[in-house]
Amino acid sequence: MNPAIVNYVEREKWFLGIRREEDLFKYSLRAKSQKDLMDSIYGVSFVETLLCRINSGEYVRAFNLAHAKQFHSFSNSKILANPTLLTEQITQDGELWEKIFEEAERLSQAISQDDYPMAVSLFRKIMGELYPLFAVDSFVIFSLGRELTSSLPCPTPRDVKEILTIHDTWRNSIAFKEEKLDQILDKFLTLVKRKEGIESSVKDIKKYLVYQEFISLLEKKSSCETIQKIIEKRMNSGYVFHAFRDESGIGVSEEREDIEKVTLFLSSLKKINQNQDLITGSSCFQTDKRITGEVIIIKDKTELETKASRFKDKVLVAIQTTPHFIPFLSKIKGIITDEGGITCHAAIVSREMGIPAIVGTGNATELLKDGEVVEMDLNKGTIRKI
2 MNPAIVNYVE REKWFLGIRR EEDLFKYSLR AKSQKDLMDS IYGVSFVETL
52 LCRINSGEYV RAFNLAHAKQ FHSFSNSKIL ANPTLLTEQI TQDGELWEKI
102 FEEAERLSQA ISQDDYPMAV SLFRKIMGEL YPLFAVDSFV IFSLGRELTS
152 SLPCPTPRDV KEILTIHDTW RNSIAFKEEK LDQILDKFLT LVKRKEGIES
202 SVKDIKKYLV YQEFISLLEK KSSCETIQKI IEKRMNSGYV FHAFRDESGI
252 GVSEEREDIE KVTLFLSSLK KINQNQDLIT GSSCFQTDKR ITGEVIIIKD
302 KTELETKASR FKDKVLVAIQ TTPHFIPFLS KIKGIITDEG GITCHAAIVS
352 REMGIPAIVG TGNATELLKD GEVVEMDLNK GTIRKI
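Shown next as structure tokens:
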């Protein structure tokens, strides 16, 4: 990363994504796909993005604010002119996933038969031809859903409600589809590790390698030793991944000075509630009601089973909710999340299940503890310890 790129990052306005991102492998592929295909498929340029570790230690996504506004404005004009465009896009995405899983099943069979050339060929078809279309589709559907949700008339027409229900169902399904694909990709990466002699774990390959670097290994353009050194360097020093519209394009920097500057800059964008007694966020439940309840903290989905018996009439506080939370939410009183906006999963749950929710607090999971009692003001979007 040259100084001009660092200066560009510091000069532009950015906002942080609603969730953490630990998969550079797939994130870099999605970013490249959107850069290459978005304009020709959807008619507007992609939104520039960064992926970097911030001071808290997690890797987060950042997006160019001006580009995001331009993109969502374009979606707004399209969805208001034709709300059924959203269902058309979702139908198209469903058909795409059928193709992905059809090829993924063939990939799974090739792996079980130890047919390395066939496995490589199928992997490249899935991730090089089909998944890039999902990268575009998913961003478009998210944007269309966001704009339709934020522009709802009152009262909302029945047909628009039905479209939003279809959208919410799609949002809930994507995590499971990605997980199913990841399970097969992990098997493929395990096969590659064995065939190519890579010592790094599958988790570290996904966390520290750009997709194109992995392809270079498969094409014998990069040695196993080169790939190993890249992974180890990024494990030790971190990295900054960028996808820009200009000639700098897509790249990764491991230079300490670059990382420190970008990390400091992005860390300043993270919302932090300094007042431990009054936490602010965005209400997803339009009412003047105030909800009082005892807090139960969930920082990872693996805690859901172990704490499930304690959920009744509690206020669930999580970094974010995902579709994995749904079976456990019927008895809770309210939801508070660190991350999220008006179309995040917690907002969808609030709308569908009628559960009061305040999202995007930044750090509620750090400020609150199990057993504390809070009051959620759904009108103001605030949480107060009592």
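Residue numbers for the sequence shown follow this note's numbering, so the first one is 2 and each next one is one higher. Using N, Cα and C, we set each Cβ at its ideal position, and we do this for glycine too.
With C-beta atoms as the reference, is residue i less than 8 Å away from residue j?
| i | j | result |
| --- | --- | --- |
| V296 | V350 | no |
| V211 | L25 | yes |
| D371 | I260 | no |
| T383 | T288 | no |
| S152 | N77 | yes |
| L305 | F286 | no |
| S173 | P324 | Checking the sequence shown, residue 173 turns out to be Asn, not Ser. Yes, these two residues count as a Cβ contact at 8 Å. |
| T366 | K262 | no |
| I164 | T85 | yes |
| A244 | K36 | yes |
| L270 | F16 | yes |
| D169 | F135 | no |
| E23 | R62 | no |
| I91 | W171 | yes |
| R235 | Y209 | yes |
| C225 | E197 | yes |
For residue i, collect the residues of the same chain with a Cβ closer than 6 Å to its Cβ; drop the 5 residues on either side in sequence, then sort them by chain order.
| i | result |
| --- | --- |
| R385 | L279, E376 |
| E220 | none |
| M39 | F47, V137 |
| R147 | T344 |
| F75 | V45 |
| K14 | L66 |
Between which residues of its own chain and residue i is the CB-CB distance below 7 Å, once the five residues before and five after are set aside?
| i | result |
| --- | --- |
| V48 | F64, N65, H68, A69, F72 |
| R54 | Y60, G239, T264 |
| E258 | none |
| I42 | V137 |
| R311 | I297 |
Suppose the cutoff is 8 Å on Cβ atoms and the five residues either side in sequence are ignored; what does the same chain contact list for residue i look like?
| i | result |
| --- | --- |
| S223 | E214, S217 |
| Q229 | I199, E200, S201 |
| D314 | G294, E295, K332, I333, K334 |
| E373 | E295, V296, K386 |
Return the Cβ separation of residue i and residue j in integer angstroms, given the expectation that the two are a contact with Cβ distance under 8 Å.
| i | j | result |
| --- | --- | --- |
| K100 | L145 | In fact, because the Cβ distance is near 22 Å, the residues do not count as touching under 8 Å. |
| G341 | Q321 | 6 Å |
| L379 | S284 | 5 Å |
| A309 | L192 | No, A309 and L192 are not in contact; Cβ-Cβ is about 36 Å, not under 8 Å. |
Does the beta carbon of residue i sit closer than 8 Å to a beta carbon anywhere in chain C?
| i | result |
| --- | --- |
| C345 | The chain labelled as chain C is not found in the depicted structure, where only one protein chain is given. |
- Query: Do the region 327-341 and the region 353-370 touch if we need at least three Cβ pairs shorter than 8 Å?
  - Reply: With the cut-off at 8 Å, the region 327-341 and the region 353-370 touch.
- Message: Would you call the region 246-265 in contact with the region 28-39, where contact means no fewer than 3 C-beta pairs closer than 8 Å?
- Response: yes
- Message: List, from N- to C-terminal side, the alpha helix (DSSP H) runs of 4 residues or more that fit wholly inside the region 173-212.
- Response: 203-209
- Item | Runs of alpha helix (DSSP H) wholly within the region 117-158 (minimum 4 residues, chain order) | 117-126, 132-151
- Query: Taking three-plus beta-carbon pairs below 8 Å as touching, is the region 149-160 in contact with the region 111-127?
  - Reply: no
- Message: Could you tell me which whole beta strand (DSSP E) segments of length 3 or greater appear in the region 235-323?
- Response: 241-244, 251-254, 279-281, 291-299, 315-319
- Query: Residue ranges of each beta strand (DSSP E) run of no fewer than 3 residues wholly in the region 317-382, ordered along the chain?
  - Reply: Runs found: 335-338, 358-360, 374-378.
- Three or more C-beta pairs below 8 Å linking the region 3-14 and the region 109-117: no
- Message: What ranges does the alpha helix (DSSP H) occupy inside the region 22-64, keeping only unbroken runs of at least 4 residues that lie completely in it?
- Response: The qualifying runs are 25-43.
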